[in-house]
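Take a look at the structure set out below.
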Amino acid sequence: MRRGFTLIELIMVIVIIGILAAIAIPKFIDLRTDAQKAACFGSAAAIQTALSNYYARQAIKGNPGFPGTLHDAAFTSEYFAEGTLPDHPKEWDWNTYYSSNTGVLHTGKGADSGACTKF
C-alpha cells in the first residue's frame, strides 16, 4: 500500500494557500503608510498639548494667548521636549513651506496642505 498525497490534494493545498495569500498580502502593504499617518497624528497631538500648556501658563501669568509661531514656543523646553518641534522621519520626501505669520508647514511629497487633519 502506497502512502502519500495525490496530485489533486497537492493542487488543492496550493490553491488554498494562494487564496489566503491574496487576502492577507493587501492588508500588510499599507502598514508603512499607516505608520507614517500615526506619526503625523502623534506630532500634531504633541504640538496641540504644547500649545495648550503655553496658553495655560500665559493665562496664569495674566496674559492669555498663543505664541506668534510654533517656533516661538519651541525655543522654551518647558513646552516641547528638548526645546525642539517634533521632527519628521528622515526617509520621507518632504516639501517645506514657511510663512512668517503661521510658522513652518511640512507636507509630504504630492500631499495637499491638509493631509494631517485629525484635529
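If you count by this note's numbering, then the sequence shown holds residues -13 to 105, one letter each, in order. Ideal placement from N, C-alpha and C gives every residue a C-beta, glycine not left out. As the structure is a computational prediction, the values presented were derived from the model and not from experiment.
Residue nearest to residue 33 in terms of C-alpha spacing, selected from -5, 52, -4:
Of the listed residues, the one whose Cα sits closest to residue 33 is 52.
Residue 0 versus residue 7: straight-line alpha-carbon distance, rounded:
Residue 0 and residue 7 have their C-alpha atoms some 10 angstroms from each other.
For residue -6 and residue 5, what's the separation of their Cα atoms in angstroms?
Going from the Cα of residue -6 to the Cα of residue 5 covers about 16 angstroms.
Supposed contact pair residue 41 and residue 50 - C-beta distance, whole angstroms, cut 8 angstroms:
Taking 8 angstroms as the upper bound for CB-CB distance, residue 50 and residue 41 are in contact here, some 6 angstroms apart.
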